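Here the structure is laid out as structure tokens; the discussion comes afterwards.
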Amino acid sequence: MSGKDDTMFEEISDAWELVVGLEVHTELKTTTKLFCGCSNQFGSEPNTNICPVCLGLPGSLPVLNRHAVELSIRVGLALNCTVQASLFHRKNYFYPDMPKDYQISQYDLPLNIRGHLVLPSGHRVGIERAHMEEDTGKSSHLGGSGRISSASASLIDYNRSGVPLVEIVSAPDIHTPEQAREYVSELRSVLVAVGASDGKMEEGSLRVDANVSVRPRGSTELRTRCEIKNLNSLRSLGRAIAHEANRHIALYESGESPTQQTRFWDESGQVTGALRTKEEANDYRYFPEPDLVPLAPSQEWIQSIRDTLPELPQQRREWVMDLCGEATTNDRIETAISDELYPFLVATLRSGLSPQRVVARTSNELAAELPLPNYFSTERFVEICSLEERGELTPTQVKTLLTEATHDDAPISELIARLGLVAISADSLAEIVNSVIEESPAEWTRFVEGEQQLRGFLVGKIMKASKGKADGKVVGEMLVERVSAAKKVG
Amino acid sequence: MALKITRDEVAHVAFLARLLIDPSEIDQYAEQLSSVLEHAADIEALELNDVEPTFRPIPLENVLREDVVTVSLPRDTVLSQAPETAQNMFLVPKILSEAP
Ligand SMILES: [Zn+2]
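These protein sequence lines map, in sequence, to chains A and B. Using my numbering, the letters of the first sequence correspond one by one to residues 1 to 490. Using my numbering, the letters of the second sequence correspond one by one to residues 1001 to 1100.
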């Protein structure tokens, strides 16, 4: 996630409108590769998950992975796409990360077409297609500073070659760097929610290319665009887009035009640069892959996949917002509906506990304890939150108990006894209030006369005397009662 | 009759396929490739608007395998195919530009 300071790097002149389409590649969470039984495991020893199929050796034949197809259809359905009969094509090019000298991809008949994604802000981004393809090998560069331009030799690990990918191509509906980040972030949540991807940008399982152009505000033309490759964090994405837009604007304003080209983002210099790609490299000579038959999922298969789709982030968000109303902040809701926490939120809400309180406990205290141990069940969380709901424990005590209950699997009752977490009785609290009033007569008098700023001082003293066992809300109410009683006497 | 494929196109296609051809051979290839296209033109002349495209002669679709791991090649075998290796990886000349 990016901080507020990013906006200073993302300023774009109001006279111009930014037009961005994003291509997001996501690796699918299968056990094996797309067309062979080699393991699809991140972090294996280099060049150990390789066979004749993913090396493209003569005589080897690819066979499509059923699970990869199911995950791709899940992605398509979650993005409101139409799933259609599709074909695989060969995309031909010479590059050392592709041992076959072609990549098997989908071309004019992709599996998923024409969908959309609604962002948390309400902005709607069209999805043009979400097609299947295989990943390439991973190259690293020897010598120099490690940057492409100064490398002296390259090392290739083909473990990633043939790993299943879905490429999701958006319409050019994105108009600010902030929207681009919002789109990728929401798309990532969707991909994780449907079980297609682990969403780890830092490990490269989610990679973003941005097509950037600008136009005079108010116009609807599409001007020359540049593609920025391999943006590997939300921060880079926002900054690279803004930088590229400003480069185009500067060119137009000095009477020149940008040239259509592929560029890269230089993280250390915070600029985009042109890649020395020969123009011919874009002549991919696509043709139907002769070793693969068409992929035409039946309506029954598509429906059975649709039936198992989980609730998507947008549905979760709407449900929680309806329950909480205006009082809860969006940040809290976003945290509480994340995959790790959502089951706990649902369990507490279904138990009828106060929505605002459980959203707060889930997004603050429970989120702080991630990752949660296996024994920490949703029932355990409901039990703890119920104690607060019934007033048996104060918020402070509940926080202490939550921390303990995620580090120790003992029953909740035992933890409460061990920690001495007993909510104070009304009688003992009244006694404490009396003694605090007696100890600070001057402050008390001023408070009764209306100096509200002394409230914190008094509550603090009472909380301290109760050793944190008093409920701040109850103490507040008690003070109000005492004030009106004191006024009557006076 | 003008050839369907120009000399420039032959040179371009040869470059894309990384084929080294002698300039003296270009005319011969242009002629041969053109005759292939002329054959295709015979078919183009037919009335085929109502015929679905055929990508393969046997109507077959959805050939799928289960997502189960099979044995990969030993790494030594894989690396024996590399002209040069380092750190158990394929060592290739400096890459001047990113992947297309
Ligand atoms: Zn393989």
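Where is the CB? At the ideal position from N, CA and C, for every residue including glycine. Predicted, not measured: the structure shown is a model, and the values here were computed from it.
Among residues of its own chain, excluding the 5 on either side of residue i, which ones have a beta-carbon nearer than 7 Å to its beta-carbon?
i	result
A:L454	E443, R446, F447
A:S2	Unreliable placement is indicated for A:S2, whose pLDDT of 42 sits below 50; no coordinate value is reported for it.
A:H89	S105, Q106, Y107, Y286, F287, P288, E289
A:C81	N112, I113, R114, G115, I127, A130
Is residue i near ligand 1, in the sense that its beta carbon is under 7 Å from a heavy atom of that ligand?
i	result
A:G162	yes
A:K33	yes
A:I127	no
B:I1026	no
A:I241	no
A:S189	no
B:S1072	yes
A:V53	yes
A:I50	yes
A:C81	no
A:C385	no
A:C226	no
A:C324	no
Measure from the C-beta of residue i to each C-beta in chain B and report whether the shortest distance is under 8 Å.
i	result
A:L155	yes
A:L206	no
A:R66	yes
A:C226	no
A:C51	yes
A:F94	yes
A:N211	no
A:L111	no
A:L309	no
A:P58	no
A:E280	For A:E280, the pLDDT reaches just 47, beneath the cut-off of 50, and the residue's location in the model is therefore unreliable, although a value from the coordinates is still provided. Yes, because at least one Cβ of chain B sits closer than 8 Å to the Cβ of A:E280.
A:A296	yes
A:V169	no
A:L349	no
A:K473	no
A:T272	no
A:S39	yes
A:V63	yes
A:R160	no
A:G146	Residue placement at A:G146 cannot be trusted, given a pLDDT of 49 that sits under 50; what the coordinates show is reported in the next sentence. False, the Cβ-Cβ gap to chain B never drops below 8 Å.
Say whether chain A places a C-beta atom closer than 8 Å to the C-beta of residue i.
i	result
B:P1093	yes
B:A1014	no
B:D1008	no
B:T1054	no
B:V1051	no
B:A1040	no
B:V1036	no
B:K1004	no
B:S1080	no
B:S1072	yes
B:A1011	no
B:E1061	yes
B:Q1032	no
B:E1044	no
B:D1067	yes
B:L1048	no
Identify, in the order they occur along the chain, each residue of the same chain with its Cβ nearer than 8 Å to the Cβ of residue i, setting aside the five sequence neighbours on each side.
i	result
A:C51	C36, G37, C38, S60
A:S205	T26, E27, F42, S197, D198, G199
A:S121	Q179, E182
A:E202	N232, S233
A:E70	I305
So, at 6 Å on beta carbons, what are the nonlocal neighbours of residue i in its own chain, with the 5 sequence-adjacent residues on each side left out?
i	result
B:L1033	I1005
A:E128	V169, A171
B:L1091	E1084, T1085
A:A274	Q261, R263
A:I412	E383
* Touch test, the region 57-72 of chain A against the region 225-239 of chain A, Cβ-Cβ under 8 Å, three pairs minimum -> no
* Asked: How about the region 168-177 of chain A and the region 233-252 of chain A: do they share at least three Cβ pairs that are nearer than 8 Å?
  -> yes
* Would you be able to state if there are at least three C-beta pairs under 8 Å between the region 1046-1055 of chain B and the region 1014-1034 of chain B? => no
* Touch test, the region 126-140 of chain A against the region 89-106 of chain A, Cβ-Cβ under 8 Å, three pairs minimum -> yes
* To do: Would you be able to state if there are at least three C-beta pairs under 8 Å between the region 369-381 of chain A and the region 342-351 of chain A?
  => yes
* **beta strand (DSSP E) runs wholly inside the region 244-306 of chain A, at least 3 long, in chain order** => 262-266, 271-274
* Evaluate contact between the region 63-76 of chain A and the region 1057-1073 of chain B, counting only Cβ atoms and requiring at least three cross-stretch pairs below 8 Å. => yes
* Asked: Is the region 7-20 of chain A in contact with the region 212-221 of chain A, if contact means three or more CB pairs nearer than 8 Å?
  -> yes
* Write down every uninterrupted run of the alpha helix (DSSP H) in the region 408-439 of chain A whose length is 4 residues or greater and which is fully enclosed by it, in chain order. => 412-419, 426-439
* To do: Would you check if the region 390-397 of chain A and the region 468-481 of chain A touch, i.e. whether three or more CB-CB distances between them fall below 8 Å?
  => yes
* Which whole runs of the beta strand (DSSP E) in the region 186-227 of chain A are 3 residues long or more, in chain order? -> 206-216
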